[in-house]
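Step one of this worksheet: look at the structure below.
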Amino acid sequence: MNADKKSCTLDVDSQYVELAVEIFSMLADASRVRIILALREGEMAVGALAEAVGKSPTAVSQHLAKMRLARLVSTRQDGTKVMYRLENEHARQLVADAIYQAEHALGGIPAHHRADQTTT
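Sequential numbering from 1 applies to the sequence shown in the numbering used here.
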């Protein structure tokens, strides 16, 4: 019975709780959230990301370096450019869920629920 409990990573005593907190800490920056939103459609170079999020390339590069260490993004060399992409779909989903939760904080029916109601 204890073997089954150890296999579930969503238990309150999961070994991943502290790592999850580190991920939340990494995402506790609006620029990093915007970078993830910009990368949700595919890979981008630093210059394009900087333009998309309204920050300098230097600032974006610094954020990307931290995000790469946290394994939120990965890179690919394309000639002289370094292309960045999300490491997996979880960062994208985590940010989307946080945005949806923020919509709830405003009260009323959030936009992501209104879209569901148009089909009923």
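Using N, Cα and C, we set each Cβ at its ideal position, and we do this for glycine too.
Remember, predicted model here, so these are calculated numbers, not experimental data.
Whose CA, out of the options, lies closest to the CA of residue i?
{"i": "Arg40", "options": "His112, Ser74, Tyr16, Ala102", "result": "Ser74"}
{"i": "Ile99", "options": "His90, His112, Glu87", "result": "His112"}
{"i": "His90", "options": "Leu37, Gln77, Cys8", "result": "Leu37"}
{"i": "Met67", "options": "Gly54, Asp78, Cys8, Ala28", "result": "Ala28"}
{"i": "Val21", "options": "Lys81, Ala59, Leu94", "result": "Leu94"}
{"i": "Lys81", "options": "Ala96, Arg92, Ser61", "result": "Ser61"}
{"i": "Ala59", "options": "Leu10, Glu103, His104, Ala30", "result": "Ala30"}
Once DSSP output is grouped into helix, strand and coil, what is the label at residue i?
{"i": "Ala28", "result": "coil"}
Would a C-beta distance cut-off of 8 Å place residue i and residue j closer than the cut-off?
{"i": "Arg32", "j": "Met26", "result": "yes"}
{"i": "Val46", "j": "Leu64", "result": "yes"}
{"i": "Ser56", "j": "Ala48", "result": "no"}
What is the C-beta distance between residue i and residue j, in whole angstroms, given that I count them as a contact (C-beta under 8 Å)?
{"i": "Tyr84", "j": "Glu18", "result": "In fact, because the Cβ distance is near 26 Å, the residues do not count as touching under 8 Å."}
{"i": "Leu106", "j": "Glu87", "result": "Between Glu87 and Leu106 the Cβ distance is about 31 Å, and since that is not below 8 Å, they are no contact."}
*asked:* Please give the ranges of any alpha helix (DSSP H) in the segment 48-104, keeping only runs that are unbroken, at least 4 residues long and fully inside the region.
replied: Listed in chain order, they are 57-69.
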